[in-house]
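Notes for the one structure printed next.
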Amino acid sequence: MTGDRTFTQLTTCLWVTQSDLYQTNSGIFLSAGAAVLIDPGILPAASQAIAQFVHEQGAEVTTIILTHGHWDHILGPEQFPSVQVVAHTSYQEVIRDHREDLQRQVAGWETERRYQRVTPFEPPLPDKVFGENLAWPVGTLTLQLQHSPGHAPDQITVYHAPQGTLWAGDMLSELEIPFVSYNLAAYEATLAQLAQLEIRTLVPGHGTPTQDPAEISTRLREDRAYLAELRTRVTAALQAGASLNETVAACSAMRYHHPKDNTLPHRWNVESVYAELGGKCTSPHGWEQE
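Residue numbers 4 to 293, in this note's numbering, belong to the letters of the sequence shown in order.
Okay, structure coming up:
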């Protein structure tokens, strides 16, 4: 524990710390005096605690990996101004096209938390971008960065093959259903690809990491089944000439975990997939409303 934050060692080289805000996870891969951070912190105090933890391990932060350009994953780099940032090449388009939205979301959250910002928030720019995949060194280790779109166009996963460790971005959480805020087909392809990996440690962007093989298998199976049923129901509704609201109703009987928390995301999924599969929408719909 550093200050009031807990750092949990999951493997010989990976530590995780979790924020009470949306149960957001930040990761630290450590090897041979080098540290690579994944989505570090939200509040400055969290990033500062991470920096202190790395220092206590006798290491230096060499790289920050951003899994995707959603506001709750990109606040950390401003606390590490001299550290290089790695992201997918589409991240640049995301922050360019959604800069004002990101600033609005951050400002709204900071107002809610009564946090006084000293300087205006600017989405961090990457120093290194890549396309489909990238091998990234940390000390004597190599992390495999893989483009894994679906939740977001620029989302990446981080895989350490020797220990079967997968940092899954905003996927495979026991708290959340799949948030299809970018593209259903891409999300389906991403989960199919991840299902081929040997995963012994799974860390979602939000929620509880797990090393239970049955739990890992269940999360993959249930999320793939949810997306398959979503596609089937929306396709059937479109073929029947259903309106957007009729399609939402046709998907209302779908079962998913934590329905109280996921009712709105489910509705937004239905609306977004309706448009993706050719349905006509005349007003902001789905994840456009976030």
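Idealized CB from N, CA, C, for every residue including glycine.
All values derive from a computational prediction rather than experimental measurement.
ask   = Exposed or buried, which one is Thr-168 when buried takes at least 16 other CB atoms within 10 Å?
value = buried
task = Inspect the CB distances between the region 239 to 247 and the region 142 to 159 and report whether three or more fall short of 8 Å.
result = no
ask   = With C-beta atoms as the reference, is Ile-77 less than 9 Å away from Val-39?
value = no
message = Taking DSSP's pairing of strands, which residues face Gln-149 in a bridge?
response = Asn-136 and Thr-160
request  = Give me the Cα-Cα distance between Gln-119 and Glu-113, rounded to the nearest whole angstrom.
outcome  = 7 Å
ask   = Rounded to a whole number of angstroms, what is the C-alpha to C-alpha distance between Val-89 and Pro-129?
value = 6 Å
message = In this structure, how does DSSP classify Asn-265 when only helix, strand and coil are distinguished?
response = helix
request  = With a 10 Å radius around its C-beta and 16 neighbouring C-beta atoms as the bar for buried, classify Gly-281 as buried or exposed.
outcome  = exposed
task = Assign Ser-93 to one of three DSSP states: helix, strand, or coil.
result = helix
message = Taking 8 Å as the cut-off, is the beta-carbon of His-76 closer than that to any non-hydrogen atom of the ligand PLP?
response = The ligand content of the structure shown is nil, which means the ligand PLP is not present either.
key: Coarse secondary structure for Val-39, derived from DSSP in three states   = strand
key: Cβ-Cβ separation, Gly-44 to Gly-79 (assumed contact under 8 Å), whole Å   = 4 Å
query = Do Leu-197 and Leu-230 have their CB atoms nearer than 9 Å?
reply = no
ask   = When the Cα atoms are used, what is the spatial distance from His-269 to Ala-62?
value = 42 Å
query = Where does Gln-82 fall in DSSP's three states?
reply = helix
query = Would you call the CB atoms of Leu-295 and Pro-126 closer than 9 Å?
reply = Residue 295 lies beyond the residue range present for the chain, which begins at 4 and ends at 293; the question has no answer from this structure.
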